[in-house]
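Chemist:
In UniProt numbering, the protein residues as written are 1 to 297.
Dropping the structure here:
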């Protein structure tokens with residue numbers, strides 16, 4: 001008997017190519033370090049963390065029918081993710097993300113998610129054709145959604161009756177894609193997971209604290225906003241209240257994927273019945289363990 005999903009993860013599923021060096025780097029630096037290739041993408045990073053918490057996530061994304069795609073699907077299944085609803089394309093290659101990290105943080109990154117964008121609404125077919133839901137019988141569970149989808153497709157999700165009963169949890173994927181979440185402000189739907197910079201881009205201003213940012217997002221129409229600020233206090237705010245938490249002090253050894261780990265741990269905690277403040281604390285601990293290297297990739 002096949003497993004059923006506890007949560008859907010929609011967005012980028014790709015290969016992460018990460019170069020890390022213990023040296024402080026600047027533009028043009030040429031230093032020794034390590035280069036790894038691991039399964040990644042925002043949706044998959046979230047799904048992998050959810051699986052570590054004992055949940056069964058299903059992936060909705062685009063993966064090519066190339067050798068890289070076949071290998072990636074095998075890895076996704078090994079990591080506890082359901083892949084039977086993936087859109088597999090003969091014409092679109094498997095996407096790739098490449099990043100360089102030094103002792104002074106993320107130096108540069110390029111996200112090649114063109115196949116996901118080209119696949120468009122086809123990745124959402126299981127939610128409209130009856131496989132997982134439809135406009136007449138909307139999917140009723142939790143959906144983790146990332147901003148690697150186009151703004152027009154995200155706008156459709158924000159307004160489409162097929163998503164009307166879902167608990168939407170949305171992340172922008174990167175500051176450069178933060179404004180793609182504007183449809184959810186306009187629709188007053190979902191929980192937004194953003195960092196301080198992303199909150200500023202959505203609000204067209206800058207903020208000193210996560211609390212200020214979260215309150216501003218609510219004023220602009222957000223139903224709920226969870227704003228992180230690196231090692232400083234983060235905030236979870238909606239019409240019912242405001243909750244704050246401070247990350248544990250740890251030695252940072254990596255950055256890429258930390259926000260996805262925070263989001264997944266927070267969702268898992270709330271699915272398990274944790275209170276708002278408990279869920280925030282658990283998510284901050286999980287993210288701290290990740291950036292310190294305690295959680296293996």
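Just so it is clear, CB atoms sit at the ideal spot from N, CA and C, and this is done for glycine as well.
(1) Which value, in whole angstroms, describes the spacing of the CA atoms of residue 182 and residue 202?
(2) Would you mind sorting residue 95 into buried or exposed? The rule is 16 or more other CB atoms within 10 Å of its CB.
(3) Got a sec? Which residues, its chain only, sit under 6 Å from residue 1 by beta carbon, not counting five neighbours each side?
(4) In chain order, what residues of the same chain lie with their CB nearer than 7 Å to the CB of residue 251, ignoring the 5 residues before and after it?
(5) Hey, residue 90 and residue 65 are a contact pair by Cβ (cut 8 Å); roughly how many whole angstroms apart?
(6) Is the CB-CB distance between residue 39 and residue 6 below 8 Å?
(7) Cutting at 6 Å between CB atoms, please list the residues of its own chain near residue 157, excluding the five before and the five after it.
(8) For residue 192, which beta-bridge partners are listed by DSSP?
(9) With distances taken from CA atoms, which of 150, 81, 105 is nearest residue 114?
(10) Provide the residue(s) that pair with residue 98 in DSSP beta bridges, ordered along the chain.
(11) Going by the C-beta, is residue 168 closer than 7 Å to any heavy atom of the ligand MN?
(12) Return the chain-ordered list of same chain residues with a C-beta closer than 7 Å to the C-beta of residue 172, the five sequence neighbours on each side being excluded.
(13) Helix, strand or coil for residue 1? Go by DSSP, reduced to three states.
(14) Is it true that the stretch 133 to 148 meets the stretch 98 to 107, where meeting means three or more beta-carbon pairs spaced less than 8 Å apart?
(15) Using the C-alpha atoms, what's the distance from residue 138 back to residue 8?
(16) Can you give me the start and stop residues for the beta strand (DSSP E) that residue 146 sits inside?
Modeler: On the basis of the coordinates in this document:
(1) Here the question's residue 182 lines up with position 182 in the chain shown. Here the question's residue 202 lines up with position 202 in the chain shown. Approximately 7 Å between the Cα atoms of the pair.
(2) Against the chain shown, residue 95 aligns to sequence position 95. Answer is buried; the Cβ neighbour count reaches 16.
(3) The residue given as residue 1 occupies position 1 in the chain shown. Any answer about residue 1 is weak, because its pLDDT of 34 lies below 50 and its placement is not dependable; what the coordinates show is given next. Hits under 6 Å: none found.
(4) If you number the chain shown from 1, residue 251 lands on position 251. Closer than 7 Å at the Cβ level, and outside the excluded window around residue 251, lie 292.
(5) Translated into positions along the chain shown, residue 90 becomes position 90. Translated into positions along the chain shown, residue 65 becomes position 65. The pair is a contact, with the Cβ atoms about 5 Å apart (cut-off 8 Å).
(6) Position 39 of the chain shown, counted from the start, is the residue given in the question as residue 39. Position 6 of the chain shown, counted from the start, is the residue given in the question as residue 6. With contacts defined by Cβ atoms closer than 8 Å, residue 39 and residue 6 do not form a contacting pair.
(7) Within the chain shown, numbered from 1, the residue matching residue 157 stands at position 157. These residues qualify, in order along the chain: 163.
(8) In the chain shown, counting from the first residue as 1, residue 192 sits at position 192. Paired residues: 170, 225.
(9) Locating residue 114 in the chain shown gives position 114, where the first residue counts as 1. Answer by Cα proximity: 150.
(10) Within the chain shown, the letter at position 98 stands for residue 98. Its beta-bridge partners are 17, 110.
(11) The ligand MN is absent from the structure shown, which contains no ligands of any kind.
(12) In the chain shown, residue 172 corresponds to position 172, counting from 1. 147, 178, 180, 181, 194, 198, listed in sequence order.
(13) On the chain shown, residue 1 is found 1 positions in, with the first residue counted as 1. Low confidence applies here, because residue 1 scores a pLDDT of 34, under 50, leaving its location unreliable; read the following figure in that light. In the structure shown, residue 1 sits in coil (DSSP, three-state: anything other than H, G, I, E or B).
(14) no
(15) Counting from one through the chain shown, the residue named residue 8 turns up at place 8. Counting from one through the chain shown, the residue named residue 138 turns up at place 138. Residue 8 and residue 138: Cα-Cα distance of roughly 13 Å.
(16) Taking the first residue of the chain shown as 1, we reach residue 146 at position 146. Counting along the chain, the beta strand (DSSP E) containing residue 146 begins and ends at 142 to 146.
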